[in-house]
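Worksheet: one structure, shown below.
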Amino acid sequence: MSKLEHHGTYTPTSGVGKWIDARMPLPRLMYDSFVAYPVPRNLNYAYTFGGILSIFLVIQIVTGIVLAMHYVPDATKAFDSVEHIMRDVNSGWLMRYMHQNGAHFFFLAVYLHIFRGLYYGSYKAPRELLWILGCIIYLLMMATAFMGYVLPWGQMSFWGATVITGFFTAFPVIGVPIQELLLGGFAVGDPTLNRFFSLHYLLPFMIAGVVILHVWALHVTGQTNPTGIEVKSKTDTVPFTPYATIKDAFALILFLALYAYFVFYMPNFLGHADNYIPADPMVTPAHIVPEWYFLPFYAILRAITFDIGPITAKLGGVIAMFSAVLVLFVVPWLDTSKVRSAVYRPWYKLAFWLFVINSVFLGWLGSQPAEGVYVALAQLSTAIYFGFFLIVMPVLGLVEKPRRLPNSITEAVLERSAKTGGGSPQLGDATASADKS
Amino acid sequence: MKNLVVKLGAAAIAATVMATGAWAASAYPKNKPREQDWSFAGPFGMYDQAQLQRGLKIYAENCSACHALSRVNFRNLADLGYSDEQIKAFAANYEVEDGPDDFGDMFFRPATAADAFPSPFPNKEAARAANGGAYPPDLSLIAKARAPIRGFPAFVIDPFRNYAENGPDYIYSLLTGYKDEVPEDVSVPEGLWYNPYFASGTALAMAPPLFEGMHEFDDGTEATVSNMAKDVAAFLMWTAEPHMDERKQLGFRVMVFLLIFAALLYLSKKQVWARVEH
Amino acid sequence: MTDATQEPEGELPTRRDFIYVATGMMGVVGAAAAAWPFIDQMRPDAAVRAAGLPIEVDLSAIEPGGTIVVTWRSKPYFIRQLLDDEIAAADTLGEGDMKEYQPAAERIAGPDGAETRNWVIVSATCTHLGCVPNIVDNAPEGWFCPCHGSVFDMVGRILRGPAATNLPLPPYVFADESTLIVGSDQV
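So this is what it looks like as structure tokens:
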């Protein structure tokens, strides 16, 4: 946006409004950020997930605070207290199912949001920090979800915590001390549950803090858009309210309807039956599978079955798994293309969709046993995952011949409407700066 | 020393990963649960009170000898259509431990509506000792805690047909699935009962619990093994998910609201964007 | 956005306004309905309510002139057997002696068919700010609240101090000669 669209059309009319504006211009900040804020006029529904995610953060925090009023973080009482919520607390079952399924839909939305960013090149300069802040949010979400999953203290909670903290034992010398530090004991137990509860309560507020930075960074650079061309003139944009707000609201309600279907009609579909068995440190469940949103990384962990020099297979798996997340941080510098959006990059577009299919396939492999043909498939799939970031992104940017780019968002919009609509193309009267008042 | 700890940690991880892989190799249950028609299936399905009452009778007269139901309180039986007086009288048949009294001693008293079903054994160890080493699980949550993997493509189709009765289907199949004739390639350990529907092995310690004609039902339902298995499975679904009726009723209102709201938002959105190219 | 003056196109604004207003109303209704479960969950849950069922008290262990404290719904209640002179002392008090006059006889009860009615069953929660008053045998004074000095008489009527109302009577009923049920007025 680079100061092209001058913010500050806010003019307080009432005496109180002027009084506040002179002292702490919060209403002005809100107005400039969520009303007058100019957004490209060609945003499609893939751009609504940011708003959906912020609502899901609120849903998770509000239902979580409610659950914490009834939950007891004690190894002997945690499972009982969750059942107390499910049976006796007024609307307790609703709070619990909303929170449980809310986590799944939070991740669904964040993955769609990330894929959107990868497709339209949202990470490219000058939005590297915006992208990295998003990656930090994603990491915090993963930590929060993992610790939250431990709290009901069912069999999967317990053994999931055992396995995941076991990752750290892969590191030589420091591994076991780190694991004991995390657990507060030699195995998962009461101290673990208490600290996970404390951190599970803390992290969402840290997420909220980083979300504010994420939105701040977004409002400095402005949204990208499907063409990937920066906003050049007033006619490229429309004001956030009502144009983007009404579209975001519509998408949000559709997404909430899907969420509600699972909350009310299939509340346990995305969970695991073994977590309705109280934790038993003596009996391991027949098979431990993480929640679906971790499955691709779980597959990568198990794909490394061979030693690489001094690195054991176990350590290699852990390194590969962490790298699979961390590689996202350097994506802005891996992509060498001068063109931002996949719309004008035929080869990248193909590679992107193969990457999406490969990610889903990795998730499926994560749910399968690590043996026989699955191991070989997981290794191939892991290679494709890293190949996309480390080879396709840098190389394709140099060799690919992009399609012709329109000169501006406005031109792209008019070209398309000329193609689809019959009448003479015109922009309509709404632009971000066309302040009618 | 440190090395040993590291190795043990590694072994634990390896064992866990192997255990993870083991399930496909063992592949229990041998037979998938048989899907039944349930009154509570589907978005409008509700519990059948008469069926739950029959299930309660079967639990109280058979299962409760070994299996606890400790998360269900007598007051919850109001959901099954019983009056306060009936619940009070029913609860009074049970003795629960209370105390300490003024002398510091524990004592037994008749249960009240506020009490939970008393457990047949004081603890897990006692339950194991009385049952040849096998622990009869608490049945309160069993219908949600037993759900054999559906696999692909059922996993993808289930949300579209709103299939959420894997638990009761499993219980029904297990209770009716005992086989006298053991296939040649299956070995059944001494003292266990062959059942191809069992989730974690070829055979289980529980003997076939239901026999034709073992109960008489006031509503004239015939006491076949199949009928009784179905009734008790439905009852256990209720003990696991007592608010299901309420959930689906609220869910209907929420879905209708969201769809109307979405339609209105769509119209509003169309109006707002009507004369703006995008 | 519903400013009709900018859209002088005949009937169109009416329809647009209707859709916007309906959408907005739906949003408000939805938010209000969604807020209810979050408030509802704070009310006493089913287990707490069930634990608040009426209690049975054995009266045979209480000496004349003695008082015991029982618990119903997690709150204490006094059960006091009055002596004849204590009842007489309570009867001497009139409207001018207290803030909220009620005849002493209305606050004294006994089993059906008993010769004397000499039982007082009152809340042990001071009506000022919720402390538990001390029992005093200084007829007609019967209770003294140590927190802020409220003084109640033998049947729990407020005589002086910051409390403004008498100690409330819980629902109760005598099941037989020596059994009292607190928490319900039906056997």
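Chains as they are written, first to last, in full-length UniProt numbering: chain C, 1 to 437; chain V, 1 to 278; chain W, 1 to 187.
Just so you know, even glycine gets a beta-carbon here, dropped at the ideal spot from N, CA and C.
Note that the structure is a prediction, hence the values are computed from the model and not measured.
request  = Return the chain-ordered list of same chain residues with a C-beta closer than 6 angstroms to the C-beta of P12 of chain C, the five sequence neighbours on each side being excluded.
outcome  = Against the first sequence, residue 12 of chain C aligns to sequence position 12. Same-chain partners within the cutoff: K18 and D21.
query = If you follow the alpha helix (DSSP H) that S381 of chain C is part of, which residue opens it and which one closes it?
reply = Counted from its first residue, the first sequence places residue 381 of chain C at position 381. Segment V373 to G387, the alpha helix (DSSP H) holding S381 of chain C.
key: I277 of chain C (DSSP reduced to helix, strand or coil)   = Walking along the first sequence from the start, residue 277 of chain C turns up at place 277. Coil.
task = Give the secondary structure of residue 472 of chain C by DSSP, where H, G and I count as helix, E and B as strand, and everything else as coil.
result = The requested residue 472 of chain C is not part of the displayed model; chain C covers only 1 to 437.
task = Can you tell me which of the three DSSP states Q102 of chain W falls into?
result = Along the third sequence, one-based indexing puts residue 102 of chain W at 102. Q102 of chain W falls in the coil class under three-state DSSP.
request  = Whole angstroms is fine: what's the gap from E177 of chain W's alpha carbon to D112 of chain W's?
outcome  = What you label residue 177 of chain W is simply residue 177 of the third sequence in a count that begins at 1. What you label residue 112 of chain W is simply residue 112 of the third sequence in a count that begins at 1. Distance between the alpha carbons of E177 of chain W and D112 of chain W: 8 angstroms.
key: Interface partners of Q86 of chain V on chain W, CB under 7 angstroms   = For this step, residue 86 of chain V is matched to residue 86 along the second sequence. Here the premise fails: no neighbours, minimum Cβ distance about 16 angstroms.
key: Neighbourhood of F261 of chain V by C-beta, 7 angstroms cutoff - its chain only, sequence neighbours within 5 removed   = Counting from one through the second sequence, the residue named residue 261 of chain V turns up at place 261. By the criterion of a C-beta distance shorter than 7 angstroms, F261 of chain V is surrounded by no residue of its chain, once the five residues flanking it on both sides are discounted.
message = Taking 7 angstroms as the threshold (beta carbon to beta carbon), is E98 of chain W in contact with chain V?
response = Here the question's residue 98 of chain W lines up with position 98 in the third sequence. Inspection of the sequence shows that residue 98 of chain W is occupied by Met rather than by Glu. No, because no Cβ of chain V sits closer than 7 angstroms to the Cβ of M98 of chain W.
Residue environment, P191 of chain C, which counts as buried when at least 16 other CB atoms sit within 10 Å = Looking up residue 191 of chain C in the first sequence gives position 191. The residue in question, P191 of chain C, is exposed, as its Cβ has fewer than 16 Cβ neighbours within 10 Å.
query = Roughly how many whole angstroms lie between the Cα atoms of V187 of chain W and F174 of chain W?
reply = For the purposes of this step, residue 187 of chain W is taken as residue 187 along the third sequence, with counting starting at 1. For the purposes of this step, residue 174 of chain W is taken as residue 174 along the third sequence, with counting starting at 1. Taking the Cα positions, V187 of chain W is about 8 angstroms away from F174 of chain W.
query = Regarding W193 of chain V and the ligand PLP, is the C-beta to nearest heavy atom distance less than 6 angstroms?
reply = The ligand PLP is absent from the structure shown, which contains no ligands of any kind.
ask   = From L328 of chain C to I132 of chain C, what distance separates their C-alpha atoms?
value = Taking the first residue of the first sequence as 1, we reach residue 328 of chain C at position 328. Taking the first residue of the first sequence as 1, we reach residue 132 of chain C at position 132. Going from the Cα of L328 of chain C to the Cα of I132 of chain C covers about 8 angstroms.
request  = Quick one: which unbroken alpha helix (DSSP H) runs of 4-plus residues sit fully inside the segment 90-145 of chain C? Chain order, please.
outcome  = For the segment 90-145 of chain C, whole alpha helix (DSSP H) runs of length 4 or above, ordered along the chain, are 92-120.
request  = Please check the pair V232 of chain V and L175 of chain V, which I expect to be a contact at CB under 8 angstroms, by giving their CB distance rounded to whole angstroms.
outcome  = Position 232 of the second sequence, counting from 1, holds the residue named residue 232 of chain V. Position 175 of the second sequence, counting from 1, holds the residue named residue 175 of chain V. Between the beta-carbon of V232 of chain V and that of L175 of chain V there is about 7 angstroms, and that keeps the pair under the 8 angstroms contact cut.
inquiry  = Judging by CA-CA distance, which residue of C:F355, C:P285 and C:H70 is the nearest neighbour of V163 of chain C?
reply    = One-based indexing of the first sequence puts residue 163 of chain C at position 163. For V163 of chain C, the nearest C-alpha among the options comes from C:P285.
query = Of the residues that make up the segment 135-154 of chain V, which ones have a beta carbon closer than 7 angstroms to any beta carbon in chain B?
reply = Chain labels in this structure do not include chain B; the protein chains are C, V and W.
ask   = Where does D138 of chain V fall in DSSP's three states?
value = Within the second sequence, the letter at position 138 stands for residue 138 of chain V. Note: D138 of chain V maps to coil in three-state DSSP.
key: Other residues of its chain near P242 of chain V: CB distance less than 7 angstroms, five sequence neighbours each side excluded   = Here the question's residue 242 of chain V lines up with position 242 in the second sequence. Answer for P242 of chain V: N76 and D79, listed in chain order.
Contact set between M26 of chain W and chain V, taken where Cβ atoms lie within less than 9 angstroms = The residue you call residue 26 of chain W lines up with position 26 of the third sequence. Residues of chain V passing the Cβ test: F257, I260, F261, L264 and L265.
task = Only counting runs of 3 or more residues, tell me where the beta strand (DSSP E) segments fall wholly within the UniProt domain "Rieske" (90-181) of chain W, in order along the chain.
result = Here the runs fully enclosed are 119-123, 134-138, 141-144, 151-153, 158-160 and 172-176.
request  = Using three-state DSSP, classify N73 of chain V as helix, strand or coil.
outcome  = Taking the second sequence and counting its residues from 1, one reaches residue 73 of chain V at position 73. Of the three classes helix, strand and coil, the one that applies to N73 of chain V here is strand, per DSSP.
inquiry  = Could you compute how far the alpha carbon of P126 of chain C sits from the alpha carbon of Q223 of chain C?
reply    = Your numbering for residue 126 of chain C matches position 126 in the first sequence. Your numbering for residue 223 of chain C matches position 223 in the first sequence. Here the C-alpha atom of P126 of chain C lies approximately 11 angstroms from the C-alpha atom of Q223 of chain C.
request  = Tell me, please, whether the CB atom of A47 of chain W is closer than 7 angstroms to any CB atom in chain C?
outcome  = By 1-based counting over the third sequence, the position of residue 47 of chain W is 47. Closer than 7 angstroms: yes.
message = Quick check on F18 of chain W - is its C-beta less than 7 angstroms from some C-beta in chain C?
response = Numbered from 1 along the third sequence, position 18 holds the residue referred to as residue 18 of chain W. For F18 of chain W, not one C-beta of chain C is nearer than 7 angstroms to its own C-beta.
inquiry  = Does the CB of V89 of chain C have a neighbour CB from chain W at under 7 angstroms?
reply    = Counting from one through the first sequence, the residue named residue 89 of chain C turns up at place 89. Yes, its Cβ sits closer than 7 angstroms to a Cβ of chain W.
key: Contact belief for Y265 of chain C with G251 of chain V at Cβ below 8 angstroms, rounded distance in angstroms   = By one-based count along the first sequence, residue 265 of chain C stands at place 265. By one-based count along the second sequence, residue 251 of chain V stands at place 251. Contact holds; Cβ gap of about 6 angstroms.
Identified DSSP bridge partners for A116 of chain V = Position 116 of the second sequence, counting from 1, holds the residue named residue 116 of chain V. DSSP lists V:N73 as partners of A116 of chain V.
message = If the cut-off is 7 angstroms on Cβ atoms, which residues from the segment 224-257 of chain C count as contacting chain V, listed in chain order?
response = Per Cβ criterion, the list reads V238, P242, Y243, I246, K247, A249, F250, I253, L254, L256 and A257.
ask   = Where does P27 of chain C sit, in a helix, a strand or coil, going by DSSP?
value = Residue mapping note: residue 27 of chain C aligns to position 27 of the first sequence, counting from 1. P27 of chain C sits in a helix when the DSSP states are folded into three classes.
task = Could you give the DSSP three-state label for Y194 of chain V: helix, strand or coil?
result = Numbered from 1 along the second sequence, position 194 holds the residue referred to as residue 194 of chain V. In the structure shown, Y194 of chain V adopts extended strand secondary structure according to DSSP, grouped into three states.
ask   = Is the CB of K270 of chain V under 7 angstroms away from at least one CB in chain C?
value = Locating residue 270 of chain V in the second sequence gives position 270, counting from the first residue. The beta-carbon of K270 of chain V is placed no less than 7 angstroms from the nearest beta-carbon of chain C.
query = Taking any Cβ of chain V, which residues in the segment 330-355 of chain C have a Cβ under 7 angstroms from it, in chain order?
reply = Within the segment 330-355 of chain C, no residue qualifies.
task = Within the same chain, show all residues whose beta-carbon is closer than 8 angstroms to that of V375 of chain C, passing over the 5 residues directly before and after it, in chain order.
result = Counted from its first residue, the first sequence places residue 375 of chain C at position 375. The residues are R302, A303 and T305.
K401 of chain C versus A412 of chain C: straight-line alpha-carbon distance, rounded = As a first step, residue 401 of chain C is located in the first sequence; it is residue number 401 there, counting from the start. As a first step, residue 412 of chain C is located in the first sequence; it is residue number 412 there, counting from the start. Their backbone Cα atoms lie some 19 angstroms apart in a straight line.
ask   = When the Cβ atoms of the segment 198-207 of chain V are set against those of the segment 129-148 of chain V, are three or more pairs found closer than 8 angstroms?
value = Cβ pair count under 8 angstroms is three or more, so yes.
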